[in-house]
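Following: one structure in structure tokens, then a few remarks.
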Amino acid sequence: MFEARITQGSVLKKLVEALKELVTEGNFDVSSTGLTLQAMDSSHVCLVSLTLRDDGFDHYRCDRNMAMGIHFGNLSKILKCAGNEDTITLKAEDNADTLTLMFESANQDRISDFDLKLMSIESEHLGIPDQDYSAEIKMPSAEYQRIVRDLTSIGDTVLISATKEGIKFSTSGDVGTANITLRHNTTPEKPEEQTIIDLKEPVALTFALRYLNNFSKATPLAPQVKLSLTKDLPIFVEYQVGDLGNVRFFLAPKIDD
Amino acid sequence: MKQKQISQFFGAS
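Note that the protein sequences, when read in sequence, are chains W and B.
Following the working numbering, the numbering of the first sequence begins with 221 at its first residue and continues without gaps.
Following the working numbering, the numbering of the second sequence begins with 65 at its first residue and continues without gaps.
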């Protein structure tokens with residue numbers, strides 16, 4: 221039996237909204253330590269990795285490891301029926317073919333339950349190496365969202381260069397060119413408004429803006445985002461979801477033919 | 065420009 225209860229149900233709603241356009245389906249792998257998901261986009265150039273820890277839930281029980289195949293568009297339809305203040309409980313019997321979602325209003329005067337049909341999904345699990353990156357940038361997630369949104373209106377790809385001067389995002393397209401440079405800035409009093417650049421060596425990589433823009437759909441989940449870059453390797457974009465876990469995106473760089 | 069698939073960076077675990 222699997223059961224996970226979260227008082228702040230809006231977090232689950234935001235998570236699924238952040239992922240559903242990038243990945244259409246994937247397995248929720250549940251075990252006694254929590255719920256994880258690893259999924260690729262349809263062209264297999266980016267990878268999403270979601271980790272929700274058992275102790276981040278208000279109640280968590282998982283007697284047996286299970287892979288629950290989820291269609292995210294369908295899960296999104298069901299979660300749209302939950303109120304923002306609702307407590308959400310996920311439930312499944314061992315080897316079940318449905319996942320039950322129970323929504324309880326804050327004052328417990330409305331209780332609803334929905335069964336989501338599960339799918340059988342073959343998925344390969346990739347090993348993400350734990351490595352040191354040449355540059356790590358922590359910045360307000362809203363700032364990242366604004367940069368990639370603005371640049372998407374100008375070009376298709378972005379060159380991200382990290383140097384001791386700061387981190388520069390450059391693009392070009394039919395209308396012209398654009399450069400946005402962010403500097404290390406720890407003066408804001410609130411830590412979530414700071415930009416922290418940890419540079420071991422300069423690095424410059426090109427990425428498809430469409431994906432970076434898609435990752436920013438996770439902005440409502442976290443005040444800060446971390447970008448990690450190393451030459452010839454995928455960019456790693458990470459949002460910490462409070463005490464519950466994290467959502468991580470990896471995107472392969474564009475390289476010259 | 066070309067783009068490799070993500071599995072070419074991260075092997076199967």
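In this text, a Cβ means the ideal position worked out from N, Cα and C, and glycines have one as well.
Residue of the options minimising C-alpha distance to residue i
i: C276 of chain W; options: W:T227, W:E241, W:C266; result: Per the sequence presented here, residue 276 of chain W reads as Gly, with Cys not at that position. Minimum Cα distance to G276 of chain W is reached at W:T227.
i: G229 of chain W; options: W:H345, W:K388, W:L449, W:D278; result: W:D278
i: C350 of chain W; options: W:G293, W:E223, W:F470; result: Checking the sequence shown, residue 350 of chain W turns out to be Asp, not Cys. Of the candidates W:G293, W:E223, W:F470, the one whose C-alpha sits nearest the C-alpha of D350 of chain W is W:F470.
i: P443 of chain W; options: W:I290, W:P360, W:P454, W:I374; result: W:P360
i: P454 of chain W; options: W:T426, W:G293, W:T372; result: W:T426
i: Q69 of chain B; options: W:G465, W:D452, W:V457, W:L464; result: W:D452
i: A382 of chain W; options: W:F292, W:L402, W:E412; result: W:L402
i: E458 of chain W; options: W:P473, W:S436, W:M288; result: W:S436
i: A316 of chain W; options: W:N466, W:D335, W:N433, W:H345; result: W:D335
i: G393 of chain W; options: W:T372, W:P408, W:K384; result: W:T372
i: H291 of chain W; options: W:D370, W:P422, W:T318, W:Q328; result: W:T318
i: T271 of chain W; options: W:G462, W:P440, W:G386, W:E356; result: W:G462
i: A238 of chain W; options: W:A472, W:V467, W:D476, W:P473; result: W:V467
i: G347 of chain W; options: W:A472, W:E241, W:S269, W:L449; result: W:S269
i: N327 of chain W; options: W:E363, W:L242, W:T307; result: W:T307
i: A480 of chain W; options: W:D274, W:R273, W:E241, W:S251; result: Lying before the first or after the last residue shown, residue 480 of chain W is absent from chain W, which here runs from 221 to 477.
i: L464 of chain W; options: W:V243, W:T244, W:Y280; result: W:Y280
Cβ separation of residue i and residue j, assumed to be a contact under 8 Å, to the nearest whole Å
i: L429 of chain W; j: V378 of chain W; result: 5 Å
i: L232 of chain W; j: L299 of chain W; result: 6 Å
i: V368 of chain W; j: S296 of chain W; result: Their Cβ separation, rounded to whole angstroms, is 22 Å, which puts V368 of chain W and S296 of chain W out of contact at 8 Å.
i: K311 of chain W; j: F222 of chain W; result: 7 Å
i: A287 of chain W; j: D249 of chain W; result: 5 Å
Reduced DSSP category for residue i - H, G, I as helix; E, B as strand; rest coil
i: R330 of chain W; result: coil
i: V243 of chain W; result: coil
i: G293 of chain W; result: helix
i: D228 of chain W; result: Reading off the sequence, residue 228 of chain W comes out as Gln, not Asp. Q228 of chain W: coil per DSSP, three-state reduction.
i: R468 of chain W; result: strand
i: V265 of chain W; result: coil
i: Q258 of chain W; result: strand
i: D452 of chain W; result: coil
i: D249 of chain W; result: strand
i: L338 of chain W; result: coil
i: Q414 of chain W; result: coil
i: I298 of chain W; result: helix
i: P360 of chain W; result: strand
Straight-line gap, residue i to residue j (C-alpha atoms, nearest Å)
i: L255 of chain W; j: T309 of chain W; result: 13 Å
i: Q460 of chain W; j: T253 of chain W; result: 17 Å
i: Y431 of chain W; j: C266 of chain W; result: 8 Å
i: D333 of chain W; j: F323 of chain W; result: 6 Å
i: K66 of chain B; j: S263 of chain W; result: 13 Å
i: D283 of chain W; j: G303 of chain W; result: 29 Å
i: Y353 of chain W; j: G289 of chain W; result: 33 Å
i: V445 of chain W; j: F456 of chain W; result: 10 Å
For residue i, the residue or residues it bridges with in DSSP
i: A398 of chain W; result: W:T391
i: S354 of chain W; result: Beta-bridge pairing links S354 of chain W to no other residue.
i: H279 of chain W; result: W:R225
i: E324 of chain W; result: W:T307, W:I331
i: L319 of chain W; result: W:L336
i: G386 of chain W; result: W:T383
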